[in-house]
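J.: Chains as they are written, first to last, in this note's numbering: chain A, 36 to 439; chain B, 36 to 439; chain C, -6 to 376; chain D, -6 to 376. Every residue gets a Cβ at the ideal spot worked out from N, C-alpha and C, and that includes glycine. Values in this document were obtained by computation on a predicted structure and should not be read as measured data. Can you read through this structure? Questions will come right after.
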Amino acid sequence: MAFDETEALDGFRKEVRAWLEQNCPASMRTPMPDEEVVWGGSRETFRNPDSRAWLEAMASKGWTAPTWPAEYGGGGLSRAEARILEQELKRLHARPALFSFGLWMFGPALLEFGNEAQKKRFLPDIVHGRTRWCQGYSEPGAGSDLADLQTKCEDKGDHYLINGQKVWTSYADQADWIFCLVRTDTSTKHEGISFILFDMASEGVEARPIKLISGSSPFCETFFTDVKVPKDQLVGEVNGGWQIAKRLLQFERSSISAGGFGGTGGSGILGPEDYAKMHVGTDALGHVADGDLRGRITDHKMYAKAFSLTVQRSTQQAKAGQEVGHTASILKYAAAKMNQDRHELLVEALGTEALGWDGDGFDPAARKATRGWLRSKGNSIEGGTSEINLNVVAKRVLGLRDHQ
Amino acid sequence: MAFDETEALDGFRKEVRAWLEQNCPASMRTPMPDEEVVWGGSRETFRNPDSRAWLEAMASKGWTAPTWPAEYGGGGLSRAEARILEQELKRLHARPALFSFGLWMFGPALLEFGNEAQKKRFLPDIVHGRTRWCQGYSEPGAGSDLADLQTKCEDKGDHYLINGQKVWTSYADQADWIFCLVRTDTSTKHEGISFILFDMASEGVEARPIKLISGSSPFCETFFTDVKVPKDQLVGEVNGGWQIAKRLLQFERSSISAGGFGGTGGSGILGPEDYAKMHVGTDALGHVADGDLRGRITDHKMYAKAFSLTVQRSTQQAKAGQEVGHTASILKYAAAKMNQDRHELLVEALGTEALGWDGDGFDPAARKATRGWLRSKGNSIEGGTSEINLNVVAKRVLGLRDHQ
Amino acid sequence: MKDNPMQFVLSEDQDMLRDTAFAFARDELPVSRLRSLRDAGANQGDPEAAAKLAELGFFGVLVPEAHGGSDFGMVGMGQIMEAVGSTLAITPLLQTAVIGASALALGGNEAQKAERLPKIASGAVTTALALDEGAHHAPLAVATEAERNGQGFTLTGAKRFVPDGHTADLFIVAARTFGQPGDSHGISLFLVPRDADGVSVLTLNTVDSQGAAHVSLAGVSVGEDQMIGDLDKGWDLLEPTLDRARAALSAEMIGSAQAAFDMTLDYLQTRRQFGQLIGSFQAMQHRAAKMFTELELTRSCVSAALAAIDEGRADTPELVSVAKARASETLHLVSNETVQFHGGIGMTDAHDSGFYLKRARVQEALYGSAAFHRDRYAKINNY
Amino acid sequence: MKDNPMQFVLSEDQDMLRDTAFAFARDELPVSRLRSLRDAGANQGDPEAAAKLAELGFFGVLVPEAHGGSDFGMVGMGQIMEAVGSTLAITPLLQTAVIGASALALGGNEAQKAERLPKIASGAVTTALALDEGAHHAPLAVATEAERNGQGFTLTGAKRFVPDGHTADLFIVAARTFGQPGDSHGISLFLVPRDADGVSVLTLNTVDSQGAAHVSLAGVSVGEDQMIGDLDKGWDLLEPTLDRARAALSAEMIGSAQAAFDMTLDYLQTRRQFGQLIGSFQAMQHRAAKMFTELELTRSCVSAALAAIDEGRADTPELVSVAKARASETLHLVSNETVQFHGGIGMTDAHDSGFYLKRARVQEALYGSAAFHRDRYAKINNY
């Protein structure tokens, strides 16, 4: 890197550090409890008042979207500068100012596929956390076969008319706007899909939260009945939505296999081995008395170790510019298996202690494990089922063909 | 049952018992070592001279094939009489006088599909153990897809000319004659197959024993080069061989899942738990010290117990006239898994003691287990692979359909 | 004795009983009933169902005719348990018709039998076994003390997760009259009414909505005549009673597993993806075929365990452990695959998959997990 | 220390070494070579291959430069082991280049290093670790006695299944100078020439045709100067040496597993059944994808174990046990599926499937089965 460049970056670092010292409230430098996460949008309550100031400060610099062009409210930073900002934020243990599907998924896609007017209109509100977006993809009839979607979008001359139903719409009941896949041509499959945006407050939109086997969830069923949508809210070409959709899925997949949403993080800090020692008992050496269970717990822990080592390996190899697509392709499947096995072992080690739902008489941590166990069953379904993952590995990675 | 009938049967029993006392040599009432098994045919050596007398005596009564019509050398017994003969033979712990694919597989099929001349010509020699038969079914190219066979059979006017290759032909190097599936029409698949018989001593027949990963085996590769076969040795209609073949397969499948040939019987009398106690060691209570291995051994033993109980159950239900096809359909698959798991655990429990091939330094019983372990890998392949078994269960039993 | 095979074919009477039970479960106790009880708060049992079961005489199946039962045996009881298991019905059958009836019929004295058994057979009284004190089944670990006092014993201890503990009229309490936790000698069994002084019951809201209770005994005094079986020799009565409970539970589990599998098979034959029935994908077909294989194998073990008890076979404990362990593994597999095969819809509370998954883990944990019974089987076989 | 991630990306030199090793294995030591050695009687090692490996300097990878080695480290050694594992080559690398070199480099005194290491690096001397005395790996169970005599020690005992015991020039014998079998304190290591008085070697014909030997020591006297490491403290040297052997063996195993998988994948893409490539059947595709997943996960564990040793990480033993256990489970799965996927042809001696299956069980048993390392991992993590 040329000398003056390095110098410029050093300067930038100083500047950032000073600004953060100035503008990052003390409470924003502490670990963040779930309820203080800021998702933005019209329903945001800012449980912790400092989080509002922090968001406004960051947004004023465009640093909630550091690499987006400044003209759309972004930080306009180079990759190098963005990395420095990231490092400095880490240095302070600063909380993320904003969680947002707009920042993670919709924004990047709009930058790539949207027209000038759309970018000017929607991106700044994302940067400032004024608009919260949700994703209208899955449908009851479609499931793994996403492109089989049926939500109808008719051209009514001066507007589009949308009728249909979406499912698994995360936070649809909390969002202000939705980016949505609709069918504009019923005569073909992938080539009949368009990508459209509309206000969740529009006439004819209804979102009903879905209750899971593990209890309440961020997911909704979302119904559209004669929803009118201005024509300038369709992104890209009519019937050209599928490529935008696929691009977006990449973001979603990666965030799930990295243990992002979907609660793959696991439940509580105690592992199956701890609960086994506690409830099954220990032998003279202080080891889990049941060697059968102990062996299965260890088999799982080794699998989990192998998983985290594989994440480290592919990250390092990617940094080194090596091809890691093959390795990465297995992570979603393995992450689901790992988290499900872990919870099965937690439940087994906890014995009857894991059989509580609510009310008294059970250790709350154990109840959390029970809910987590039920929720983990979704890991091999959400964001592409394990069966689909295995198909992809077999075909794209191993080069196995379909029946001819 | 009518009175006089019962009386007749009692009479028959007395008669059988007296005859057996008379004609079953003492040494034929003792457990039979492998090398004294009598397969008959021109190469039979009768290691134990008594076995020749015993075969001749039984054959003279037609009791090697009790229910076959007397005119073809059989015993001409009713089911009820045959059962009595069976009971009386058991009572004496009498050895089977003859092992024979002719008796078990070819004979019954010929009775059903052969013409009068063929029955008169071939069946008596089977009853008397004068002709030993082998089965020419599988081919290198076909594998699971048996009907894909390519061995060519051309009509040369006064004879057939056969060219091609068979594989997995059990005891082809020991047999006198072969019953063989050949292709008489290349324009269709199942409807182009014929069932033909010929002398293994014919010009152009060569049988080479196949060495398995476990060592020597009864299987052969069998080559046919311009083998001339008289036209009266084709059974049933030309191109009508497939239904005969299927009928025969039923016999083979059942005998394999019952642990018949293929050595699914397992190796030695000691089980994995015994070797684990011996080589892994025991705890203060005298239990296998490694709880991990102990649990997996027990899981297997329970599976084996479940298997034998299932065989008992379906046998009883069949006797009671209940439909047991569904239950029976899983036995071949389960038997293979059971025997393979058992041998894997034997090998694991034996540790380095299971790593011998031949020569000194290893317990012979352990070496037997090692060979048995290798041989057991064939259990999920021979007589229909486990994959084919699962397809059959899914489609015929569970009613799942193919892609439409 | 071990060699003559037990009876796998049902008698005509047992067949009829099975048909009756399945028809009743289907018509009167469908899964939708569990759902509405759950939505109404649940964890209160299902008295209405219990009353109907009583009318059918299902509580008397293990009660001698002399005491108002039909003495129909475990094979018969197993058919009923399988039926109620298939619809996840909430019933007092396991705790009352199996455990209560068995404990008294096998170990009660004439006075106790005459007083209690008719009420059990008629469904007038429900019982619950208060045994385990930790989170895992460990019948020998009983620490609850039974101290002699003038007219009988004083019980002090805490029982965790007592099934039906929140609804039963009468507890069968395992307590220690001698020795240390871990000893089989020194355990005695006592009948304790739920309303006795010193008994306190904490109702538990369980994941499967059946409910259960922690029961604590703070100096509860019981009369000499409330002891079932001989002093210090409760184990001789407790173990065969537990084996009956385990066999009956295994029958309930095979019923649940079969029903979940049938529901899944139906979905495989109707749900389409990529323009094909999902049941036409070979990977799904093989997994379904493997589940079917496990079900068939396990069904044989359950039948054998039930028959062995009726036939008084010496290898009963071994066969019971095989049945419970295999039933646990099979139900575990099937209940997981049921959710996975149904995909997203299977994850929703609106679908029944979750009910089978939740009940399965309760059934697995009760009276010994698969690992417990593998260990027991190995001990019996001395390795 | 445990938190800074170890190095997964190969250096340029390591990459070159890997390429050289794989090219050499492919060209000079293909599986067909194992077959011809086997057909010729086998169990005699492969001196010709050893000579070529020596020319390439592969015996000196763990030997300090001062003693004629390249001191290239375990990551480098692992690349070579993976390469020879991929073709099931018969080599003295594990016993000599890994174990012999490590024991002397880590624990030898200057004189021993100066005398022995150059010969090891040049391939002039081959070594074999005579450790286990039973059928299962149990390094603490050493019972062989080393009794003090005038000028040194007298060794008496029997070692079972010593890899390369039938070919090596020099044994590294673990013997007890103090304490009881089971104690780590009291084990000492000695160098014993195969031709020493009292040493008798029984060559074993093994299932994988590599051969091995039972070695008995009947009053073998060794000089004080033949002890490696400190008296009674052999464990401090033996354990890190074993961990290097286990990591190297795991690398060999991932090489074997990957090669068997590649052979199977090739068959899936060429063999037809029912008019379709067998690799186009979904059940086969899913099983292949699962094997690939296991291979990728295990590869990471092997790389981590090798790197951890070079980086001197505190969690090396734990990572080594993960690598060996996972390598065993993965190779076990792949070697079985290789035969099954190939069907009948895979069962014939004429096909290579059997060679992978047979070698796999030897590799699994050596220096701790998966169960041994699960237990070790659990102990290290105190549960």
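Contact criterion: CB-CB distance below 8 Å. Does valine 332/C meet it with respect to chain A?
T.: Indexing the third sequence from 1 puts residue 332/C at position 339. So yes, valine 332/C belongs to the interface.
J.: Is phenylalanine 214/A helix, strand or coil by DSSP?
T.: The residue you call residue 214/A lines up with position 179 of the first sequence. Three-state DSSP puts phenylalanine 214/A in a strand.
J.: May I have the straight-line CA-CA distance separating glutamate 383/A from alanine 131/C, to the nearest angstrom?
T.: The count along the first sequence starts at 1 and reaches residue 383/A at position 348. The count along the third sequence starts at 1 and reaches residue 131/C at position 138. One C-alpha to the other measures close to 15 Å.
J.: Can you tell me whether aspartate 190/C is buried or exposed? The criterion is at least 16 other CB atoms within 10 Å of its CB, across all chains shown.
T.: To locate residue 190/C, count along the third sequence from 1; it is residue 197. So aspartate 190/C counts as exposed.
J.: Indicate whether at least one CB of chain C lies closer than 8 Å to the CB of glutamine 275/D.
T.: Here residue 275/D refers to the residue found at position 282 of the fourth sequence. So, interface residue.
J.: Following the continuous alpha helix (DSSP H) through isoleucine 304/A, name the residue where it begins and the one where it ends.
T.: Along the first sequence, one-based indexing puts residue 304/A at 269. No alpha helix (DSSP H) contains isoleucine 304/A, which DSSP labels as neither H nor E.
J.: Would you mind telling me which residues of chain C sit closer than 7 Å to threonine 333/B, beta carbon to beta carbon, in chain order?
T.: On the second sequence, residue 333/B is found 298 positions in, with the first residue counted as 1. Per Cβ cutoff of 7 Å: Arg367, Tyr370 and Ala371.
J.: For glycine 413/B and chain C, any beta-carbon pair shorter than 8 Å?
T.: Taking the second sequence and counting its residues from 1, one reaches residue 413/B at position 378. Not closer than 8 Å to any Cβ of chain C, the Cβ of glycine 413/B fails to qualify, so no.
J.: Determine the chain A residues that contact glycine 330/B at a beta-carbon separation under 7 Å, and present them in chain order.
T.: As a working mapping, residue 330/B is identified with position 295 in the second sequence. Ordered by position in chain A, the residues that pass the 7 Å Cβ test against glycine 330/B are Gly326, Asp327 and Gly330.
J.: In the DSSP assignment, the beta strand (DSSP E) including proline 253/A goes from what residue to what residue?
T.: The count along the first sequence starts at 1 and reaches residue 253/A at position 218. Start and end: 250 to 265.
J.: Please go through the same chain and pick out, in chain order, the residues whose beta-carbon is closer than 8 Å to the beta-carbon of leucine 425/A, but skip the five residues on each side of it.
T.: Taking the first sequence and counting its residues from 1, one reaches residue 425/A at position 390. For leucine 425/A, where only same-chain residues beyond five positions count, the Cβ hits under 8 Å are Tyr368.
J.: Give me the residue from Tyr370/D, Ala14/D and Thr84/D with the minimum Cα distance to tyrosine 338/A.
T.: Position 303 of the first sequence, counting from 1, holds the residue named residue 338/A. Checked all of Tyr370/D, Ala14/D and Thr84/D; the closest Cα to tyrosine 338/A is Tyr370/D.
J.: Valine 77/C and lysine 152/C - do their beta-carbons sit closer together than 8 Å?
T.: To locate residue 152/C, count along the third sequence from 1; it is residue 159. To locate residue 77/C, count along the third sequence from 1; it is residue 84. Against a cut-off of 8 Å, the Cβ pair of valine 77/C and lysine 152/C comes out as no contact.
J.: Counting only beta-carbon atoms, is tyrosine 376/D nearer than 8 Å to chain A?
T.: Residue mapping note: residue 376/D aligns to position 383 of the fourth sequence, counting from 1. Chain A contact via Cβ: present.
J.: Taking the alpha carbon of proline 307/B as the reference point, which residue from Glu226/B, Leu366/B, Arg218/B and Trp408/B has its own alpha carbon closest?
T.: Counting from one through the second sequence, the residue named residue 307/B turns up at place 272. The candidate whose alpha carbon is nearest that of proline 307/B is Trp408/B.
J.: Which bits of chain D does histidine 279/C rub up against, with CB to CB less than 7 Å?
T.: Taking the third sequence and counting its residues from 1, the one referred to as residue 279/C is at position 286. Ordered by position in chain D, the residues that pass the 7 Å Cβ test against histidine 279/C are Ala276.
J.: Return the residues of the segment 138 to 155 of chain D that lie within a Cβ-Cβ distance of less than 9 Å from chain B, sorted by chain order.
T.: Cβ contacts with chain B come from Arg153 and Phe154.
J.: Tell whether a beta-carbon distance below 8 Å holds between valine 456/B and leucine 133/B.
T.: Because chain B is modelled from 36 through 439, residue 456/B falls outside the range shown and cannot be assessed.
J.: State the DSSP-derived secondary structure class of glutamate 241/A, mapped to helix, strand or coil.
T.: Counted from its first residue, the first sequence places residue 241/A at position 206. Of the three classes helix, strand and coil, the one that applies to glutamate 241/A here is strand, per DSSP.
J.: For the 8 Å Cβ check, are there 3 or more pairs between the segment 219 to 235 of chain C and the segment 42 to 49 of chain C?
T.: No, the segment 219 to 235 of chain C is not in contact with the segment 42 to 49 of chain C.
J.: Let me know the alpha helix (DSSP H) ranges lying completely inside the segment 91 to 125 of chain D, each 4 residues or longer, listed in chain order.
T.: You should have 94 to 100 and 103 to 115.
J.: Under the assumption that threonine 331/C contacts alanine 241/C (Cβ atoms under 8 Å), give the Cβ distance between them as a whole number of angstroms.
T.: To locate residue 331/C, count along the third sequence from 1; it is residue 338. To locate residue 241/C, count along the third sequence from 1; it is residue 248. About 23 Å; that fails the 8 Å criterion.
J.: Mind pulling the chain B residues with CB within less than 8 Å of histidine 129/D?
T.: Looking up residue 129/D in the fourth sequence gives position 136. Result: His314, Val315, Gly386 and Thr387.
J.: Under a three-way DSSP split, which group does glutamate 195/A fall into?
T.: Translated into the one-based positions of the first sequence, residue 195/A becomes position 160. Looking at the sequence provided, one finds tyrosine at residue 195/A rather than glutamate. DSSP places tyrosine 195/A in strand when its eight states are reduced to three.
J.: Is the Cβ of lysine 283/D closer than 8 Å to any Cβ of chain A?
T.: Position 290 of the fourth sequence, counting from 1, holds the residue named residue 283/D. Closer than 8 Å: yes.
J.: Mind checking if isoleucine 228/A is an interface residue toward chain C, Cβ cutoff 8 Å exclusive?
T.: Along the first sequence, read from residue 1 onward, the residue named residue 228/A stands at position 193. No, isoleucine 228/A does not count as interfacial toward chain C.
J.: Indicate the three-state DSSP secondary structure (helix, strand or coil) for glutamine 200/A in the structure shown.
T.: Reading the first sequence from its first residue, position 165 is the one you call residue 200/A. In this structure, glutamine 200/A counts as strand in the three-state DSSP scheme.
J.: So who's on the other strand from threonine 341/D, going by DSSP bridges?
T.: Taking the first residue of the fourth sequence as 1, we reach residue 341/D at position 348. According to DSSP, which records beta bridges pairwise, threonine 341/D is partnered with Leu247/B.
J.: When the cut-off is 8 Å and only beta carbons count, does phenylalanine 259/B lie next to chain C?
T.: Residue mapping note: residue 259/B aligns to position 224 of the second sequence, counting from 1. Cβ-Cβ to chain C under 8 Å: no for phenylalanine 259/B.
J.: Any C-beta of chain B within less than 7 Å: which residues of the segment 292 to 317 of chain C qualify?
T.: The segment 292 to 317 of chain C vs chain B, Cβ under 7 Å: Ser293, Cys294, Ser296, Ala297 and Val315.
J.: Could you tell me if proline 399/B is buried or exposed, where buried requires 16 or more neighbouring beta carbons within 10 angstroms of its beta carbon?
T.: In the second sequence, counting from the first residue as 1, residue 399/B sits at position 364. Proline 399/B comes out exposed.
J.: Can you find a C-beta in chain D that's less than 8 Å from the C-beta of asparagine 150/A?
T.: The count along the first sequence starts at 1 and reaches residue 150/A at position 115. Judged by the 8 Å Cβ criterion, asparagine 150/A is not in contact with chain D.
J.: In chain order, what residues of the same chain have a beta carbon less than 7 Å from the beta carbon of proline 60/B, not counting five sequence neighbours either side?
T.: Stepping through the second sequence from its first residue, residue 60/B is reached at position 25. If we look at proline 60/B and ignore the five residues flanking it on each side, its Cβ neighbours are Asp85, Ala88 and Trp89.
J.: Excluding five sequence neighbours on each side, which residues of the same chain lie with their C-beta closer than 8 Å to the C-beta of histidine 361/B?
T.: For the purposes of this step, residue 361/B is taken as the residue at position 326 of the second sequence. For histidine 361/B, where only same-chain residues beyond five positions count, the Cβ hits under 8 Å are Val432.
J.: May I ask which residues mark the beginning and end of the beta strand (DSSP E) holding threonine 309/C?
T.: What you label residue 309/C is simply residue 316 of the third sequence in a count that begins at 1. It is not in any beta strand (DSSP E) - threonine 309/C instead sits in the alpha helix (DSSP H) that spans 309 to 335.
J.: Could you tell me whether any Cβ in chain B is nearer than 8 Å to the Cβ of glycine 212/D?
T.: Within the fourth sequence, the letter at position 219 stands for residue 212/D. It does not: the Cβ of glycine 212/D has no partner Cβ on chain B nearer than 8 Å.
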